[in-house]
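A quick write-up on the structure given underneath.
Residue numbers (my numbering): 12 to 798.
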């Protein structure tokens, strides 16, 4: 909306806060979105808690108030004079008021409003105003504490809403006048698409014409008389007529015909009708452009007969207005067929004009038969003649509305030699002729070029023979030089192999010492715990108890019954036995751990000793059991340093690996995690997780909350000899990474920085290394495993 020139600009600059509804409505969309202050005085014309908005009208107009805060009790009742303090917002169609506080300031009796038509409402000028509007009540629906009346007029439809304080079903089928607030309905682009009337009380809905008990109890008139002058003709009075059905779309519309007169009828009734049914129809008269029609009609079948004989259309000629709505038959040649989601259209050509024949596909079966008609075919079509008008209402053509695919009859198939086929034939012949001429010219040119090439080939052949002889001599000299170079290379390679073998033996020794050292830590701890257990073992108490039992039999009985020491002796022996049994179990567990650690040392030494002779043995291993074995080796050290070990195992399939190589990697990772936690006073934690990151791979991660790894060290953490720990050698992670790579997997490290702990992830393929190559050099066999 836009007011007089300069009106809204002056209101914004000079009249803050805005005090009239008209000032709010004249704001542009951008200005309304600036949340300008508003303070206006008006009458409440609508409020209901289900809608969340109110309408307030003053002398200049009405405005919507979004989510108002009612300060005084009952100040929301329609007719209350209120003061609204809030701010502007864009609104759905026109600017509105939001964040408003509403204060009661008096009372005003709401009287009759301005009686407007639906056309006037669709201008948008009456939005927010107290009005009255009449219409036919098509349906009555209850929606969340409100009653919705769907109403129609001769020019369209609108909805009326009122509180559901009493049933209003009796209004259906009546003509009623609704008194309330006119509200525009807009789309997302702020374009007006519909009208609503918000009636604050059901008592403000006035029945003008009650719904008839028998709608057919009105005088019957012929179809032709409906368009003639009659004193009783009015848009709000039902009329009744009779005719033969020529077309029916249930719940939408139908055509009836009586002789050379026809009538278009809008009806929501769903009872199906067939062409030839004679029906009695009652409805309200209306217009659709130049077409007279009945709306909100009901019908009943009187009898059945044959449908009217179609009127034969002349071949060509101008539009005949007298045929509008009548059943006709015409002929034409198919120019094109178009199928949309709702209908199929045929474009037909007569001698000097064209027309369309359309069929609604959603109400017809086999509509594809019409669409598949060949272009150029001669057809006869039967349907309802509909006059097509331009934007000024002047007739510009006609179309036929088909009822079913049976209304289209194929009279003559198109000739095979169509213009399109002849055109393509001419194009094909011309193309062949051009190709033949091009081929002839090409062959002539090729022959000439071939003769020239033969002469050049002879000359080149002679020159090539000379160059071959010279090149043969040069190659012989190069071969002799290469043989001398090969002898020198072989001598250098033997020297290099000797140096490489010595370096490999040094790395093997370093790896053995590092891995054995890790396990020896656990061995030392186990031996210390065994020594501590044996030192506190109470075996001498058994000898003391035996000495008390060496009394004579009669004294022994008295001792066991009357002496306090004797009475407590059986219980003491029982507890002593339990304590010895517990000590035995603990010693057996420590011995078992010690045996595993010693066995692991033997395997490490044996494996590294045999590295120069054969590769590792691959076997199916349960990775979870392997992790448990590594934890059992390192657990005494964890207990001594009070490190909490958290396990998170996912069910994974067996993995094809070298058991002892993986065992070394896991012990190295657990040992490094322990070293990272030594300086932490409390809250030491290590989390061991077994997961399956990919369908063909498993992973074991070891996470600690220790000292962490600086970002600059992450890139070289697996480099041989690199270490940040005093007394460290930098071989454990390097050898572990090499072993993981040989097994077709990887060893990676992650850390957020110092003080944030670290995570090491060992990832292995389930099926083992993809390739296994053996390279024999003298008596040494190196195993090379590549992923």
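All residues carry an ideal CB built from backbone N, CA and C; glycine is no exception.
- For residue 705, the uninterrupted beta strand (DSSP E) segment begins and ends at 696-705.
- For residue 649, there is no enclosing beta strand (DSSP E); the residue is part of the alpha helix (DSSP H) that begins and ends at 634-651.
- Taking all protein chains shown into account, residue 79 has 16 or more neighbouring C-beta atoms within 10 Å of its C-beta and is therefore buried.
- The Cβ atoms of residue 347 and residue 338 do not sit closer than 9 Å to each other.
- Under the Cβ criterion (8 Å, minimum of three pairs), the region 317-327 does not count as touching the region 294-301.
- Membership of residue 224 in any beta strand (DSSP E) is not indicated, and neither H nor E is assigned to it by DSSP.
- Going by beta carbons, residue 330 and residue 368 fall outside the 9 Å limit.
- Remark: C-beta atoms of residue 306 and residue 147 approach each other more closely than 9 Å.
- In this structure, DSSP gives residue 273 an extended state, which the three-state scheme calls strand.
- Around the beta carbon of residue 485, fewer than 16 other beta carbons lie within 10 angstroms, which makes this residue exposed.
- Partner residues in a beta bridge of residue 379, as assigned by DSSP, do not exist.
- Of the residues assessed, residue 718 falls on the buried side of the cut-off, its CB having 16 or more other CB atoms within 10 angstroms.
- Here residue 428 is exposed. Its C-beta has fewer than 16 other C-beta atoms within 10 Å.
- Just so you know, the alpha carbons of residue 237 and residue 350 end up roughly 37 Å apart.
- For residue 397, same chain residues with a beta-carbon under 8 Å away, outside a window of 5 residues either side, are 335, 336, 409, 410, 411, 412 in chain order.
- In the three-state reduction of the DSSP assignment, residue 118 falls in the strand class, which pools E and B.
- The region 125-191 is shown to contain whole beta strand (DSSP E) runs of 3 or more residues at 141-154, 157-164, 167-174, in chain order.
- The region 706-718 makes contact with the region 769-780: 3 or more CB pairs, one atom from each, lie closer than 8 Å.
- Using a 10 angstroms sphere on the CB of residue 249, the tally of other CB atoms reaches 16 or more, which defines it as buried.
- Shown here for residue 423: same chain residues with a beta carbon closer than 6 Å to its own, the five before and five after excluded, namely 389 in chain order.
- Annotation: residue 130 to residue 113 spans about 34 Å, alpha carbon to alpha carbon.
- Contact check for residue 688 and residue 652: beta-carbon distance about 7 Å, within the 8 Å limit, so the pair qualifies.
- It is roughly 42 Å from the alpha-carbon of residue 703 to the alpha-carbon of residue 543.
- Boundaries of the beta strand (DSSP E) around residue 423: 419-423.
- Residue 216 sits away from residue 194, with the two beta carbons spaced by 9 Å or more.
- Nearest Cα to residue 173 within the set 209, 502, 604: 209.
- If you draw a straight line from the Cα of residue 536 to the Cα of residue 666, it is about 31 Å long.
- Bounds of any alpha helix (DSSP H) do not take in residue 661, whose DSSP letter is neither H nor E.
- Between residue 74 and residue 108 the beta-carbon gap is near 6 Å, inside 8 Å, which marks them as a contact.
- The C-beta separation of residue 256 from residue 287 comes to about 7 Å, placing the pair in contact by the 8 Å criterion.
- Shown here for residue 140: same chain residues with a beta carbon closer than 8 Å to its own, the five before and five after excluded, namely 68, 72, 73, 124, 125, 192, 193 in chain order.
- Separation of the CB atoms of residue 580 and residue 571 is rounded to 7 Å, and the pair is thereby assigned contact status at 8 Å.
- Under the three-state reduction of DSSP output, residue 212 falls in the coil class, being neither helix nor strand.
- Each residue's CA atom was taken as its position, placing residue 253 and residue 197 some 41 Å apart.
- About 5 Å separates the CB atoms of residue 378 and residue 355; that is less than 8 Å, so the two are in contact.
- Residue burial is scored here from C-beta neighbours: residue 444 has fewer than 16 other C-beta atoms within 10 angstroms and is therefore classed as exposed.
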